[in-house]
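S.K.:
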Amino acid sequence: MAIPFDRSFDAPFGENIALTPRISRVLAPNPGPFTFKGTGVYIVGAGRDAAVIDPGPDIPEHVEALKRALGGRRLTHILVTHTHSDHSPAAAPLKEWSGAKTYAFGPHGSGKAEEGVKVEEGGDRDFVPDVRVKDGEVIAGGGFTFECVYTPGHTSNHMCFALREEKALFTGDHVMGWSTTVVTPPDGDMAAYMASLRKLLARDDRILWPTHGGPVKNPKPFLEAYIDHRLARETQILACIAGGIETIPEMVARMYADVDRRLHPAAARSVEAHLIQLVGEGRVVKDGTRYRPA
Ligand SMILES: [Zn+2]
95 MAIPFDRSFD
105 APFGENIALT
115 PRISRVLAPN
125 PGPFTFKGTG
135 VYIVGAGRDA
145 AVIDPGPDIP
155 EHVEALKRAL
165 GGRRLTHILV
175 THTHSDHSPA
185 AAPLKEWSGA
195 KTYAFGPHGS
205 GKAEEGVKVE
215 EGGDRDFVPD
225 VRVKDGEVIA
235 GGGFTFECVY
245 TPGHTSNHMC
255 FALREEKALF
265 TGDHVMGWST
275 TVVTPPDGDM
285 AAYMASLRKL
295 LARDDRILWP
305 THGGPVKNPK
315 PFLEAYIDHR
325 LARETQILAC
335 IAGGIETIPE
345 MVARMYADVD
355 RRLHPAAARS
365 VEAHLIQLVG
375 EGRVVKDGTR
385 YRPA
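So for the sequence shown, the numbering used here puts the first residue at 95; every next one is plus one.
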């Protein structure tokens, strides 16, 4: 089953677009192959107080646009789903401007720290949340109540936030309506990622709001297709190995022949993430750069 992607999303940069009576979005000017049209920063609140989810990149005109969008409201909470450079850096100037506290699972790599794993370069290593939140914790403010839903996989510190008032889940990069997400080892973890997808499938959120692109309005079939897609990739990898295609570059060339070549390095990391899972489960054996049936 193909994933029912919707790539029709478009919005002007820097304008505050109302989505529901409680939620609006400001698009940051950082479009690209991984960010789609740019980082969509959500502003949540019904009255005087507001929360921001994933403030985005620290680009001066973007930060000014967020301040304009907040207007006379009081920013009390800055929630961060994870510490990639298109999500968390603008937390610093927004915090300095507003005095709001920042909330996240932890700094970059914190979900893997206990295992002694050193994570990849490229995360926002300057971000350290004021408040470290765990799965199931509630963040309540004026007109909004968020439940924290820990979803490691894309990164080890990835957190989704469920807005109880609207049965809406802010999914960061865990689930996106326009694309699959990138899982890059060692901080990214395919086994954890699959478990985090199944965790959302067991919930009854009415709508998903990813950080990039438009909403997912029918979560369950979308999540099922998202999971099936990964299982199909796994099957393809096992078929490659069974057929004597034993290195990651050869597998990518075979499996992603119809995908934009700019995305092939990311595809290679996703294939590696699957292979780490398969080795971990004892289904595949690693021999240098080659992978063989167990
Ligand atoms: Zn990310």
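Ideal placement from N, C-alpha and C gives every residue a C-beta, glycine not left out.
Starting from the N-terminal end, write out each residue whose C-beta falls within a distance shorter than 5 Å of any non-hydrogen atom of ligand 1.
M.R.: In chain order, the hits are H178, D267.
S.K.: For V232, write down the residues that DSSP places opposite it in a beta bridge.
M.R.: Looking at the DSSP assignment, V232 forms a beta bridge with E241.
S.K.: Quick test of your reading: E241 and R258, contact by CB under 8 Å. State the CB separation rounded to the nearest angstrom.
M.R.: Their Cβ separation, rounded to whole angstroms, is 6 Å, which keeps E241 and R258 in contact under 8 Å.
S.K.: Would G271 and P313 qualify as a contact pair, given that the criterion is a beta-carbon distance under 8 Å?
M.R.: No, the pair does not count as a contact, with Cβ atoms beyond the cut-off.
S.K.: Checking 8 Å against the spacing of the C-beta atoms, do F264 and I147 come in under that value?
M.R.: Yes.
S.K.: Please specify which runs of the beta strand (DSSP E), each continuous and at least 3 residues long, are wholly inside the segment 158–225, giving them in chain order.
M.R.: DSSP runs (the beta strand (DSSP E)) wholly in the segment 158–225: 168–173, 195–198.
S.K.: Counting C-beta neighbours from all protein chains within 10 Å, is the total for K380 16 or more, i.e. buried, or is it exposed?
M.R.: When all chains shown are included, K380 counts as exposed.
S.K.: State the Cα-Cα distance for the pair G374 and S273, rounded to the nearest angstrom.
M.R.: About 27 Å.
S.K.: Could you check which residue in V269, A351, G210 has the C-alpha nearest to that of D100?
M.R.: Ranking V269, A351, G210 by Cα distance to D100 puts V269 first.
S.K.: Tell me which residues share the same chain as V276 and place their Cβ nearer than 6 Å to its Cβ, disregarding the 5 neighbours each side in the sequence.
M.R.: The answer, listed in chain order, is A360.
S.K.: DSSP on T265, reduced to helix/strand/coil?
M.R.: T265: strand per DSSP, three-state reduction.
S.K.: Considering D143, what are the terminal residues of the beta strand (DSSP E) in which it resides?
M.R.: Per DSSP, D143 belongs to the beta strand (DSSP E) from 143–147.
S.K.: Three or more C-beta pairs under 8 Å: does that hold for the segment 153–168 against the segment 197–209?
M.R.: No, they do not touch.
S.K.: Among residues of its own chain, excluding the 5 on either side of T245, which ones have a beta-carbon nearer than 6 Å to its beta-carbon?
M.R.: Around T245: H252, C254, H268, S290.
S.K.: Measure from the alpha carbon of A285 to the alpha carbon of each residue in A336, V365, Q330, then state which is nearest.
M.R.: Ranking the options by Cα distance to A285, first place goes to V365.
S.K.: Is the beta carbon of P223 less than 8 Å from the beta carbon of G193?
M.R.: Not closer than 8 Å, so no.
S.K.: Taking the straight line between their C-alpha atoms, what separation do you get for G132 and I370?
M.R.: Distance between the alpha carbons of G132 and I370 is about 31 Å.
S.K.: Considering Cα atoms alone, identify which of T278, F238, V227 is closest to T249.
M.R.: When only C-alpha atoms are compared, the closest one is T278.
S.K.: Which whole-angstrom value is the C-beta distance of G134 and L121, which I expect to be below 8 Å?
M.R.: Right, their Cβ atoms sit about 6 Å apart.
S.K.: Within the same chain, show all residues whose beta-carbon is closer than 7 Å to that of T383, passing over the 5 residues directly before and after it, in chain order.
M.R.: So the qualifying residues of the chain are T341.
S.K.: Go through its chain and collect everything with a Cβ distance to R356's Cβ below 8 Å, but skip five positions before and after it.
M.R.: For R356, where only same-chain residues beyond five positions count, the Cβ hits under 8 Å are P127.
S.K.: Hey, how far is the Cα of R162 from the Cα of I172?
M.R.: R162 and I172: Cα-Cα distance of roughly 16 Å.
S.K.: Do the segment 288–302 and the segment 311–326 make contact, defined as three or more Cβ pairs closer than 8 Å?
M.R.: Touching, per the Cβ criterion.
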